[in-house]
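A.B. asks: Got a structure here, written out as structure tokens. Questions coming.
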Amino acid sequence: FYAEPALREQMSQGHEFFIAELNSEPVGFSSFGHGHTVGTYKIHKLYVHPMVQGKGVGKKLIAWIIGEIRNNDAVAVRLNVNRHNPARFFYEKSGFMVTGEEDIAIGEGYFMSDYVMEKKL
């Protein structure tokens, strides 16, 4: 998902990327795009380097995304997070609520077992 051709493909599909820096060094990034319904957007990626987790970088990435999509009349933003990923609690503290579950086949009998989370704007 992070090889340059894959990232370029995602950009061509309308995903917008934002890189967070601290002292001119990248410490996190996010991407988002339009959701499946009018007025909704989806956070596709949100990663923060472990050395700066808990220092507000993730909050700033979410705030930046919400600021961008509010300019486009968004009513909600959604994301998927693995059911066993402790980031779920970060998203809940950020105002997201679990609205469903998805089991997404990724090949060779493997599945991504995710919560679908949403934040109303």
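End of the sequence shown = 716 in the numbering used here, gap-free, step of one.
Positions of the beta carbon are idealized from the N, C-alpha and C atoms, including for glycine.
For V670 versus L641, is the C-beta spacing smaller than 8 angstroms?
C.D. replies: Looking up residue 670 in the sequence shown gives position 75. Looking up residue 641 in the sequence shown gives position 46. Taking 8 angstroms as the Cβ cut-off, V670 and L641 do not qualify as a contacting pair.
A.B. asks: Buried or exposed: which applies to Y718, given that a residue is buried once 16 or more other Cβ atoms fall within 10 Å of its Cβ?
C.D. replies: This structure cannot settle anything about residue 718, because the visible part of the chain is limited to 596 through 716.
A.B. asks: Below 8 angstroms, how does it come out for the stretch 662-677 and the stretch 643-653: are there three or more Cβ pairs, yes or no?
C.D. replies: Not touching, per the Cβ criterion.
A.B. asks: Would you call the CB atoms of I657 and S689 closer than 8 angstroms?
C.D. replies: Working through the sequence shown from its first residue, we reach residue 657 at position 62. Working through the sequence shown from its first residue, we reach residue 689 at position 94. Yes, Cβ-Cβ distance for I657 and S689 is below 8 angstroms.
A.B. asks: Mapping DSSP to helix, strand and coil, what is L716?
C.D. replies: Residue 716 sits at position 121 when you count from the first residue of the sequence shown. DSSP places L716 in coil when its eight states are reduced to three.
A.B. asks: So is Y705 buried or exposed if we call it buried at 16+ other beta carbons inside 10 Å?
C.D. replies: Position 110 of the sequence shown, counted from the start, is the residue given in the question as residue 705. So Y705 counts as exposed.
A.B. asks: Strictly by DSSP, which residues pair up with M692?
C.D. replies: Translated into the one-based positions of the sequence shown, residue 692 becomes position 97. BP columns for M692 point to E713.
A.B. asks: Can you tell me whether DSSP reads P681 as helix, strand or coil?
C.D. replies: Along the sequence shown, read from residue 1 onward, the residue named residue 681 stands at position 86. In the structure shown, P681 sits in coil (DSSP, three-state: anything other than H, G, I, E or B).
A.B. asks: Can you tell me whether DSSP reads S625 as helix, strand or coil?
C.D. replies: As a first step, residue 625 is located in the sequence shown; it is residue number 30 there, counting from the start. In this structure, S625 counts as strand in the three-state DSSP scheme.
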